[in-house]
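In our numbering, the protein residues as written are 5 to 540. C-beta atoms are modelled at their ideal positions from N, C-alpha and C, and glycine is treated no differently. Bear in mind the structure is a predicted one, so any value in this text is a computation, not a measurement. Working notes, beginning with the structure itself.
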């Protein structure tokens, strides 16, 4: 078949491609394997999907007032302004982005060309023509939607989350040397289009979905709110109906999640959603690890980049009437705030408040997670073939120590190339201003850590041995570590010292125990095996 014939060959519609999942959630909430070919539930889902595609079909879209205001200002400079500058304005508004790419592909589809970025769309349409036509764009804040304060608040919250995700995605795509980073940014904006269209055209279902997501798993909530299908099933066929090209849709296809661009997008979506409530969600660590592996940079650099992006995104879109993740940057660890239920409830009768007695506060100590420990051990075992680099293997080890063992301050120090020192290389949970980040000692030293490096062995500093062992720690390291229990173990591979792992639970009420020490040594032994397979 000729190349042109293959490109123009009829393809199965996306809404058929994405309905036949090998797994389907049963009516009782479990997961059962779905047989092929198409069964009655498939037909039912297809009918529901068709109804939603009709309800959310292409049509006029409003833009946010800020978008139209900036476009009006840019129109006055139409002779000198660049397409890239106008594109940056459009890319702050998912609705404007969708409208532009849809209209361009609808016009240009007859010519066989597909547009995946706002800048390319502007060049195809014509910059002056677009700015002239933008004068007639309807404004969301001036439409009947604005009368519903609850719906507008939900739109702004969603916009803030999507703007943050798109900012993160573009930056990490650039770090990955992606020459088409704007495609990743556009995909991040389009990922939430089903939610935007639900709020605009099906507000009752959208607000019900928001309430249900506070009470039950996401997929179950979506199926209840949408009549039996999930946003996963709706997203790709909906974007196809809006003339979004296949390359853009593929970036949002979960079946391609292992590819670098898709990995970046998935991690950035998750970061933006979780960080809306604060930065102490431990699940964020998995996103940082994924990005560290893709970018081949230390996990600490990933975290610093993510935090900096969150602050930049916050300041760049100060017109969005909802707080972003940047405002939670100073948030301290602790229990999550309760979700506010948007459902109308009858006001309760007010009662005089009793004088509350002051309660004694206690530190919340992290609990080991056996499943996370097993996953870390299995993850190392599964990459003994050398398929991981140092950053990926170290991130997996740190995650096992943190999530699996409940250790809060972790340090992986490595032997220097000259074999004279052991110096801190990777840390987790150690404050930027903490001197512990500069942990280092000479391999030939006769202090406690120097002696540990004589062979693969561990130590647990505790009240039972502190009187004997603490004086053996160099005074400089005593100041770095501070008073408190800690674990430490040297790592060897092929008869050669690799480095040392140090871990503790801070200096508060959270102590260490024998059982965790046993698991710590087991994980360190496995870590040494994994590190021994790398080309250090």
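query: Enclosing alpha helix (DSSP H) for residue 138 [first to last residue]; result: Segment: none, residue 138 is in no alpha helix (DSSP H) and carries neither H nor E.
query: Top-ranked residue by Cα proximity to residue 200, from 327, 155, 517 and 268; result: 155
query: DSSP three-state assignment for residue 483, whether helix, strand or coil; result: helix
query: Start and end residues, alpha helix (DSSP H) containing residue 175; result: 153-179
query: Closest Cα partner of residue 162 within the set 253, 263 and 279; result: 279
query: For residue 119, three-class secondary structure by DSSP; result: coil
query: Segment limits, beta strand (DSSP E) that includes residue 415; result: 413-419
query: Status (buried if at least 16 other CB within 10 Å, exposed otherwise) for residue 204; result: buried
query: Contact the stretch 294-307 vs the stretch 382-400: 3+ CB pairs below 8 Å; result: yes
query: Residue 496, DSSP secondary structure in three states; result: strand
query: Cβ neighbour criterion (16 or more within 10 Å) applied to residue 347; result: Below a pLDDT of 50, predicted positions are generally treated as unreliable, and residue 347, at 49, falls in that range; no measurement from the model is reported.
query: Pair within 8 Å by beta-carbon distance, residue 143 and residue 67; result: yes
query: N- and C-terminal bounds of the beta strand (DSSP E) containing residue 444; result: 444-446
query: Spatial neighbours of residue 534 in its chain, beta-carbon cut-off 6 Å, leaving aside the 5 residues before and after; result: 384 and 397
query: C-alpha gap between residue 515 and residue 372, whole angstroms; result: 13 Å
query: Inter-residue Cα distance where the pair is residue 351 and residue 212; result: Note that residue 351 has pLDDT 42, beneath the 50 cutoff, so the model's placement of it is unreliable and no number is given.
query: Residue burial classification, residue 313 (beta-carbon count within 10 angstroms, cutoff 16); result: buried
query: For residue 288 and residue 184, the rounded distance between their alpha carbons; result: 26 Å
query: When 486, 193, 375 and 521 are compared against residue 120, the one with the closest alpha-carbon; result: 193
query: Contact between the stretch 254-272 and the stretch 134-141 (3+ Cβ pairs under 8 Å); result: no
query: Inter-residue Cα distance where the pair is residue 391 and residue 103; result: 43 Å
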